[in-house]
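> Protein chains in written order, with our numbering: chain A, 1098 to 1575; chain B, 33 to 138. Right, I'll just put the structure down here and ask away after.
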């Protein structure tokens, strides 16, 4: 058994046939973590007792010959912005260093109900704010493909863990690219479900109109299987949609001939690295040869997406993070004498620089006199961005773009200038602003051997087509 | 529009953040750099464009909001977190309530 290449199906088969017990499978992963995560830094907390209990339960079922659930015995990791009952849940923040979650996030609960073995909690940028994982209050994560480089962010730990053989699949969250960009940097698959497709109950909120929960995996089919498990309406999240859950895994392998694939010219302009462009163009050629109709489309407001995103996301963050006030969530400054002191000093001590920067920007954008100029304006341009997609989707079934302008950059390369870091999200933020699903999958490597990614965006609630195309691309090495 | 030290101090006050003088200087520079980029939005005439607040109802030919119709549910009391659990992460409690520093000075 080579745990570095296990998929959900192959892991489950090992457990079902009792060739390897779920307990042994979890132990093999913990051994690899112990050996290599000192360098990578993807885990913040191990949940060994929880994993052991679950693995034993699965092994008892396998022993009795009971039918096993879809993720039986599959070792997974959870981004530390998702609540895990009785386990520390930090959101990568000093503020929540000692916070113990009082309940399970719905996505976590569904994974475990489907038999997954949760190994631990994964490192991320503080409150999911970042594109490199360098904003974790605890330690950065290193890219397993080149440890001098970042794994991407904010779900950097989730991507690195899959790439390094620490878990077969992980959960991440994506507010502006935080699943897809690290997936591209680490050479794994990352899926952004439609807004409302997956419950966010138990997700520590960053920007509520943009936050999504989704999987990171080694294969497209694994992403489909994970989505099938976690998707669906949840009475605990009134923004989760009442839309039937497709058998996503069964979409993998379906014919792609005749699908219309849009190529938006705005995503292939200045700033896109030449090797990434070539790799993507090769895949587009492959789709054409496989019988897809390639259509040039335009998403004319693309260049405005970053400014819109950094207003909307920070405005929502400034409201969501107001709850961290020194009263309820573990941290209170020992220096606080008065109530006002308690708020200020607790937040000062608990939050890192990027979180403060975003709270300030968001508060500024919402403050009297600036609301119309910034927040209202951004929401109006957001309407224009959604119209771009509505128009494009009248003539195509899916859209293919890059995920990132370049392959993974070096640690420290972009920490000096926040705007430069923000611009690395240029191809990913729009999907969040308009709520459409997307996937990032590997499309080869550059001359330095670093993974490159390709993104497929789909219509609302049409993850099926996205997965179908992605699977074909992955299988044919198109 | 240039953000000044005074603006940053005002916004920090609204957001209940405390900034050291060094942090404040850095924030002035960062906010100006970011807002400089955001000013690009002024290139667009949006006088007749409705602001978008929620993506899904804007989509899917009007059926969007129906997907969320169940969000209106019967007003039935269901068990929530126990008091003990709800207080378990609090920095200070009296066993039944959160405890905070004195609000009114006399």
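The beta carbon of each residue, even a glycine, is placed where N, CA and C say it ideally should be.
So the candidates are A:1317, A:1147, A:1371, A:1484; which of them puts its Cα closest to the Cα of residue 1284 of chain A?
Residue 1284 of chain A has its Cα closest to that of A:1317, out of A:1317, A:1147, A:1371, A:1484.
> As an exercise, report each continuous alpha helix (DSSP H) stretch of at least 4 residues that is fully enclosed by the region 1449–1482 of chain A, in chain order.
For the region 1449–1482 of chain A, whole alpha helix (DSSP H) runs of length 4 or above, ordered along the chain, are 1450–1463.
> So does the region 1320–1334 of chain A actually touch the region 1354–1374 of chain A, counting three or more Cβ pairs closer than 8 Å?
no
> For residue 1167 of chain A, I'd like the list of residues in its chain whose CB is within less than 8 Å of its CB, leaving aside the five on either flank, ordered along the chain.
Sequence-distant partners of residue 1167 of chain A (beyond 5 residues in either direction) whose C-beta falls short of 8 Å from its own C-beta, in its chain, are 1105, 1109, 1211, 1212, 1322, 1325, 1326.
> Does the beta-carbon distance from residue 1241 of chain A to residue 1230 of chain A come in below 7 Å?
no
> Determine the extent of the beta strand (DSSP E) in which residue 1314 of chain A is found, giving its start and end residues.
1309–1314
> State the beta-bridge partners of residue 1271 of chain A as determined by DSSP.
A:1309
> In chain A, what lies closer than 7 Å to residue 37 of chain B by C-beta?
In chain order: nothing, as chain A lies at least about 12 Å away.
> So, is the C-beta of residue 82 of chain B closer than 7 Å to a C-beta in chain A?
yes
> Could you pull out every residue in the same chain whose Cβ sits closer than 6 Å to the Cβ of residue 1348 of chain A, ignoring the five residues on either side in sequence?
1561, 1564, 1565
> State yes or no: is the C-beta of residue 72 of chain B within less than 7 Å of the C-beta of residue 1404 of chain A?
yes
> Roughly how far, in whole angstroms, is the beta-carbon of residue 1452 of chain A from the beta-carbon of residue 132 of chain B, given that I think they are within contact range, below 8 Å?
Going by Cβ atoms, the distance from residue 1452 of chain A to residue 132 of chain B rounds to 23 Å, so no, they are not a contact pair.
> Select from the region 1427–1445 of chain A all residues with a C-beta closer than 9 Å to any C-beta belonging to chain B, and list them in chain order.
1427, 1428, 1429, 1433, 1434, 1435, 1436, 1437, 1438, 1439, 1440, 1441, 1442, 1443, 1444, 1445
> Does the region 1488–1503 of chain A come close enough to the region 1469–1479 of chain A that 3 or more CB-CB pairs lie under 8 Å?
no
> Can you name the residues of chain A whose CB is closer than 9 Å to the CB of residue 105 of chain B?
1332, 1335
> What is the rounded straight-line gap between the Cα of residue 1112 of chain A and the Cα of residue 1397 of chain A?
50 Å
> May I have the straight-line CA-CA distance separating residue 1140 of chain A from residue 1255 of chain A, to the nearest angstrom?
A direct Cα-Cα distance of roughly 9 Å separates residue 1140 of chain A from residue 1255 of chain A.
> With DSSP as the reference, label residue 1405 of chain A as helix, strand or coil.
helix
> Compute the Euclidean distance between the alpha carbons of residue 1427 of chain A and residue 1540 of chain A, then round it to the nearest angstrom.
44 Å
> Beta carbons nearer than 8 Å to chain B: which residues of the region 1512–1540 of chain A have them?
Residues 1514, 1515, 1516, 1519, 1530, 1531, 1532.
> Just the Cα atoms here: how many angstroms apart are residue 1523 of chain A and residue 1102 of chain A?
31 Å
> Taking the alpha carbon of residue 1461 of chain A as the reference point, which residue from B:54, B:62, B:53 has its own alpha carbon closest?
Ranked by how close their Cα comes to the Cα of residue 1461 of chain A, the residues B:54, B:62, B:53 have B:62 in first place.
> Quick one: using the 10 Å Cβ neighbour count with 16 as the cut-off for buried, is residue 1157 of chain A buried or exposed?
exposed
> Hey, out of A:1369, A:1433, A:1115, A:1459, whose CA is closest to residue 1169 of chain A's CA?
Comparing Cα positions, the closest option is A:1115.
> Provide the residue span of the beta strand (DSSP E) that contains residue 1552 of chain A, from first to last.
1548–1555
> Let's test the definition: count the other Cβ atoms within 10 Å of the Cβ of residue 1463 of chain A and tell me whether it reaches 16, buried, or not, exposed.
buried
> Between residue 1506 of chain A and the rest of its own chain, which residues show a CB-CB distance below 8 Å, the 5 nearest in sequence each way excluded?
1229, 1246, 1247, 1521
> Would you please state the rounded distance, in angstroms, between the beta carbons of residue 1381 of chain A and residue 1497 of chain A? I believe it to be under 8 Å.
6 Å
> Tell me which residues share the same chain as residue 1479 of chain A and place their Cβ nearer than 8 Å to its Cβ, disregarding the 5 neighbours each side in the sequence.
1405, 1409, 1530, 1531
> Between the Cα of residue 1536 of chain A and those of A:1280, A:1399, A:1443, A:1412, spot the shortest distance and give me the residue it belongs to.
A:1280
> Check the Cβ of residue 132 of chain B against every Cβ in chain A and list those closer than 7 Å, keeping chain order.
1424, 1436, 1439
> Any beta-carbon of chain A closer than 7 Å to the one on residue 47 of chain B?
yes
> May I ask you to report which of helix, strand or coil DSSP gives residue 1304 of chain A?
Here residue 1304 of chain A sits in coil by DSSP.
> Starting from residue 1123 of chain A, follow the alpha helix (DSSP H) in both directions and report where the run begins and ends.
Bounds of the alpha helix (DSSP H) holding residue 1123 of chain A are 1119–1137.
> Could you check whether the Cβ of residue 1473 of chain A sits closer than 7 Å to any Cβ belonging to chain B?
yes
> The alpha helix (DSSP H) with residue 1362 of chain A in it runs from where to where?
Note, residue 1362 of chain A: premise wrong, no alpha helix (DSSP H); not H, not E.
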